[in-house]
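Numbering-wise (the numbering used here), the sequence shown opens with residue 36 and increments by one.
By construction, the Cβ of each residue, glycine as well, lies at the ideal position given by its N, Cα and C atoms.
Please read the structure below before turning to the comments.
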Amino acid sequence: MGFKTIASTGMLALSATHFASSVVADAPTCPNDTPLSCSTSTEEASCCFNTPGGSLLLTQFWDYDPATGPSDSWTIHGLWPDNCDGTYEEFCDESREYSNITSILQDQGRTELLSYMTKYWKDYSGDDESFWEHEWNKHGTCINTIEPDCYTDYTPQEEVGDYLQKTVDLFKTLNTYKAFADAGIKPSSSKTYTLSEIHDALAAIHDDFAPYVGCDGDYLNEAWYFYYVRGNLITGQYEPSEKLTQSNCPESGIKYMPKSNGQESTCPNRR
Ligand SMILES: *[C@@H]1O[C@H](CO)[C@@H](O)[C@H](O)[C@H]1NC(C)=O
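As structure tokens, then:
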């Protein structure tokens with residue numbers, strides 16, 4: 036466990052007791068003057084500088100038909116490294132693509148994480164394991180600061196558990212459902228909202244930066260929160276940032292539907 040940039044026996048002892056939930060205690064500290072991702076084009080890739088995927092997106096779904104997850108919560112889509120211009124790399128390391136995410140997490144003792152994911156990281160067709168594999172294989176493998184070389188005592192697939200835990204940790208800080216509720220925006224099959232009402236409600240939980248919101252026609256179904264990171268993906272500082280992708284929702288007449296138990300999928304264009 037642990038990255039090359041730190042060695043602290045105290046932290047290692049702590050992590051032994053709290054292995055399942057406090058993996059962060061093991062992770063590296065990068066120098067305080069590490070540049071923020073995307074802030075410079077001259078800094079080279081390292082375990083303390085995310086590049087080319089320096090824009091990190093925590094993405095969420097509102098899957099209402101068929102509904103996934105709790106009716107009063109959005110669900111996790113993923114954590115994506117986008118380039119600093121909104122484009123992105125995908126499937127970056129075939130040798131680290133896995134089809135056994137559940138086993139990996141069980142083997143690492145991350146049972147709390149697994150049960151949280153089972154509740155909040157849902158596949159709309161019911162195959163959560165495949166969805167987690169897809170997210171890791173497509174996006175996680177492209178994050179340079181969690182490559183195996185960044186770890187001192189690398190144990191196989193350690194970075195996979197770290198990545199999934201980080202995704203969940205970020206998701207927990209971005210309660211989209213509550214941000215909307217606090218602004219008086221509740222799921223309704225009759226009400227409509229404007230894009231600016233939606234942007235304002237969500238900017239309130241992201242340092243005044245509105246996330247990208249995605250729609251299927253008039254129906255709201257996604258939110259992507261953009262960050263830059265100072266340091267390593269796992270232990271670095273996340274700074275909310277301007278979205279690099281413009282919403283595909285209409286300016287007004289947007290519907291935020293209650294979760295139901297319908298049969299039809301309404302979620303095209305999945306990443
Ligand atoms: C998961 O799959 C990889 C690649 O096939 C394998 O090396 C690893 O041992 C598996 N892990 C577990 C815990 O089954």
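Quick check: what's the CA-CA separation for residue i versus residue j?
i    : j    : result
S134 : T190 : 18 Å
V58  : T270 : Legend: pLDDT at V58 = 43, less than 50; position of this residue unreliable, value from coordinates given subsequently. Using only the alpha carbons, I get a separation of about 10 Å.
I106 : A258 : Ile is not the amino acid found at residue 106; the sequence shown has Ser there. Rounded to whole angstroms, S106 to A258 spans 16 Å at the Cα level.
Q143 : D162 : 22 Å
G104 : L92  : 21 Å
T122 : S225 : 36 Å
W171 : T229 : 34 Å
G249 : W156 : 18 Å
Y292 : Q141 : Sequence inspection shows Met at residue 292; the Tyr mentioned does not correspond to that position. The alpha-carbon atoms of M292 and Q141 are separated by roughly 35 Å.
A60  : K290 : Any reading at A60 needs caution, since the residue's pLDDT is 39, under 50, leaving its predicted position unreliable; the model's value is listed next. Using only the alpha carbons, I get a separation of about 42 Å.
D251 : F96  : 12 Å
G266 : E232 : 34 Å
R145 : D188 : 18 Å
A214 : S108 : 11 Å
Y263 : A216 : 27 Å
A238 : E79  : 32 Å
D100 : T227 : 18 Å
A51  : A218 : The predicted model places A51 with a pLDDT of 40, which falls under 50 and marks its position as unreliable; any figure quoted below should be read in that light. Between A51 and A218, the C-alpha separation is close to 42 Å.
L199 : F206 : 11 Å
C185 : E132 : 18 Å
D68  : S74  : 12 Å
E129 : I220 : 43 Å
F244 : A102 : 28 Å
F166 : P66  : 35 Å
S56  : L71  : The predicted position of S56 is uncertain, since its pLDDT is 41 and thus under 50; a value taken from the coordinates is nonetheless stated next. Whole-angstrom Cα-Cα distance: 27 Å.
Y273 : T280 : 19 Å
L268 : L149 : 20 Å
L255 : P63  : 38 Å
Q192 : I139 : 7 Å
K294 : T110 : 12 Å
Can you find a heavy atom of ligand 1 that lies under 7 Å from the Cβ of residue i?
i    : result
Y133 : yes
S138 : yes
D142 : yes
P191 : yes
Please look up how many angstroms separate the CB atoms of residue i and residue j, rounded, as I've assumed it's under 8 Å.
i    : j    : result
P222 : D253 : Actually they do not touch by this definition, with Cβ atoms about 14 Å apart.
C119 : S90  : 6 Å
H234 : Y260 : Not quite, the Cβ-Cβ distance comes to about 12 Å (not below 8 Å), so this is no contact.
G175 : V203 : Incorrect: roughly 13 Å between the Cβ atoms, too far for contact.
G288 : I178 : G288 to I178, Cβ: 38 Å. No contact.
W115 : T94  : 6 Å
C82  : T153 : In fact, because the Cβ distance is near 31 Å, the residues do not count as touching under 8 Å.
K278 : P246 : 6 Å
Need the endpoints of the alpha helix (DSSP H) that residue i sits in, please.
i    : result
I111 : Run containing I111: none in the alpha helix (DSSP H); it sits in the beta strand (DSSP E), T110 to D117.
E232 : L230 to A238
Y151 : T146 to Y155
Q200 : E193 to K207
L92  : Segment S90 to F96 is the beta strand (DSSP E) holding L92; no alpha helix (DSSP H) there.
Y212 : T211 to D217
E170 : D163 to K173
Q141 : I136 to D142
Considering residue i, what are the terminal residues of the beta strand (DSSP E) in which it resides?
i    : result
W259 : Y254 to R265
D188 : No beta strand (DSSP E) holds D188; DSSP gives it neither H nor E.
P275 : Q272 to P275
G249 : Y247 to D251
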